[in-house]
């Protein structure tokens, strides 16, 4: 007859369940810390003894840490993109773009017709810490004409800007004399005018150039080239009218605007400021009387327009101009009216 002993750390325990096929089972329900230990079972008969033992361990839950993902950051973005260029033989062409400021310097690669450009004596690459990117092509030749592209890459993605370089060959007529294809110098038939706006308004800066000069036109604000953006529209009409529309004017749109027209024969420019028109409270002394209507000039009333920019305040008397931005307080009524 078999004798069975169940022990835990050498301490006798309740006998395990025994099945007819000889299987012995020890079932511990709702295990606790005190159930941890080394379990041993002994089976004895007249011939001898058999022993089997095994530990019961506490299985702690381990948190599996997910690999940390680096923040990708923002996609690179151009504040100013590349502009088309035209050069004559031997001249220098400069492609320039500017990136918005980012915490990490991106990788920059220039291409000529989709072929990577390596810096050389004729191809200078200038990358500045303020985000300015320049490709300087020296001593341009006919094979310099191509589409140039700059590609900027960071962990979040990439941005590209491209523009063509055109090669203007000198044409010659009989006798070896150079033919001046563009012999009419550009000049402005209608110059830009000073404009005053409220924040959020739309403003149109307009001028007109002699179209027979066939000029290339570039707009500037505070000497920085302006490109078409979601809130900026640039128009060049067949009659030479040039328009720059700025929608939803913000403080950064205020400044000195300039339109430059250039061809091989010469260059012309016109400029004018865009200012803020702000509401100003005009308070008059208590003892000063003001007549709101001048009986002698009732048909042609003089009205007041007040213009104030960031640095100066100016007051102008303008005929027949409705002063939307003027508020007059402290006025006594003239009994003679």
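In our numbering, the protein residues as written are 2 to 338.
The C-beta atom is built at its ideal place from N, Cα and C for all residues, glycine as well.
The model shown is predicted, which means the values in this text are computed figures rather than measured ones.
So which of the options has the shortest CA-CA distance to residue i?
i: residue 100; options: 208, 151, 93, 210; result: 151
i: residue 124; options: 220, 110, 156; result: 110
i: residue 81; options: 51, 271, 132; result: 132
i: residue 40; options: 49, 57, 225; result: 57
i: residue 44; options: 30, 35, 24; result: 24
i: residue 265; options: 253, 115, 217; result: 217
i: residue 254; options: 212, 263, 200, 260; result: 200
i: residue 185; options: 52, 267, 137; result: 267
i: residue 47; options: 147, 3, 135; result: 3
i: residue 189; options: 98, 10, 139, 260; result: 260
i: residue 205; options: 252, 258, 162; result: 258
i: residue 89; options: 114, 139, 12, 134; result: 139
i: residue 84; options: 117, 21, 148, 33; result: 148
i: residue 135; options: 120, 143, 50; result: 120
i: residue 127; options: 108, 116, 144; result: 108
i: residue 113; options: 145, 10, 105; result: 145
i: residue 37; options: 231, 191, 10, 252; result: 10
i: residue 74; options: 251, 105, 19, 20; result: 105
i: residue 49; options: 169, 29, 31, 5; result: 5
i: residue 143; options: 153, 122, 169, 28; result: 169
i: residue 237; options: 22, 212, 227, 251; result: 212
Consult DSSP for residue i and reduce its assignment to one of helix, strand or coil.
i: residue 162; result: strand
i: residue 295; result: Caution applies to residue 295, whose pLDDT of 48 falls short of 50 and renders its modelled position unreliable; the model cannot decide the point.
i: residue 22; result: coil
i: residue 147; result: strand
i: residue 31; result: coil
i: residue 213; result: helix
i: residue 36; result: helix
i: residue 206; result: strand
i: residue 55; result: strand
i: residue 44; result: strand
i: residue 342; result: Summary: the structure shown does not reach residue 342, with the chain confined to residues 2 through 338, and so no result is reported for it.
i: residue 11; result: coil
i: residue 190; result: strand
i: residue 50; result: strand
i: residue 75; result: coil
i: residue 185; result: coil
i: residue 200; result: coil
i: residue 152; result: strand
Is it the case that the Cβ atoms of residue i and residue j are separated by a distance below 8 Å?
i: residue 197; j: residue 141; result: no
i: residue 229; j: residue 235; result: yes
i: residue 247; j: residue 233; result: yes
i: residue 214; j: residue 187; result: yes
i: residue 220; j: residue 245; result: yes
i: residue 208; j: residue 130; result: no
i: residue 155; j: residue 102; result: no
i: residue 98; j: residue 162; result: yes
i: residue 262; j: residue 273; result: no
For residue i, which residues of its own chain have a beta-carbon under 6 Å away from its beta-carbon, when the five flanking residues on both sides are left out?
i: residue 76; result: 157, 158
i: residue 310; result: Its pLDDT being 48, under 50, residue 310 is placed unreliably by the model, and nothing is read from it.
i: residue 7; result: 14, 16, 17, 42
i: residue 195; result: 273, 274
i: residue 92; result: 141
i: residue 51; result: 44
i: residue 203; result: 248
i: residue 222; result: 256, 258
i: residue 29; result: 36
Leaving out the 5 sequence neighbours to the left and right, which residues in its chain are closer than 8 Å to residue i when beta-carbon positions are compared?
i: residue 86; result: 94, 95, 96, 164, 165, 166, 167
i: residue 183; result: In this prediction, residue 183 has a pLDDT of 47, which is less than 50 and means its spatial position is unreliable; nothing more can be read from the coordinates.
i: residue 176; result: Unreliable positioning characterises residue 176 in this predicted model, as indicated by a pLDDT of 47, which lies under 50. A coordinate reading is not provided.
i: residue 20; result: 26
i: residue 78; result: 100, 101, 160
i: residue 117; result: 110, 111
i: residue 397; result: With the chain running from 2 to 338 in the structure shown, residue 397 is simply not present.
i: residue 226; result: 81, 84, 219, 220
Considering only residues of the same chain and omitting the five flanking positions on each side of residue i, which have a CB-CB separation below 7 Å?
i: residue 314; result: Confidence at residue 314 is low in this model, with a pLDDT of 41, below 50, so the placement of that residue should be treated as unreliable; the coordinate-derived value is given next. Taken in chain order, the list of residues that qualify is empty.
i: residue 224; result: none
i: residue 191; result: 208, 209
i: residue 350; result: The shown model of the chain, from 2 to 338, leaves out residue 350, and the question about it has no answer.
i: residue 31; result: none
i: residue 178; result: Confidence is the limiting factor: at residue 178 the pLDDT is only 46, short of 50, which leaves the residue's position unreliable, though a coordinate-based value still follows. Result list for residue 178: empty, nothing under 7 Å.
Is there a Cβ of chain D sitting closer than 8 Å to that of residue i, yes or no?
i: residue 50; result: In the displayed structure, chain D is absent; only one protein chain is listed.
Fully enclosed by the segment 246-282, which beta strand (DSSP E) runs are 3 residues long or longer? 256-264, 267-277
To test your reading of the DSSP string, which unbroken beta strand (DSSP E) runs of 3 or more residues are found completely within the segment 222-247? 233-237, 242-247
Threshold first: 3 residues or longer. Then list the beta strand (DSSP E) segments lying entirely within the segment 78-142, N to C. 79-81, 86-88, 94-100, 108-113, 124-128, 133-138
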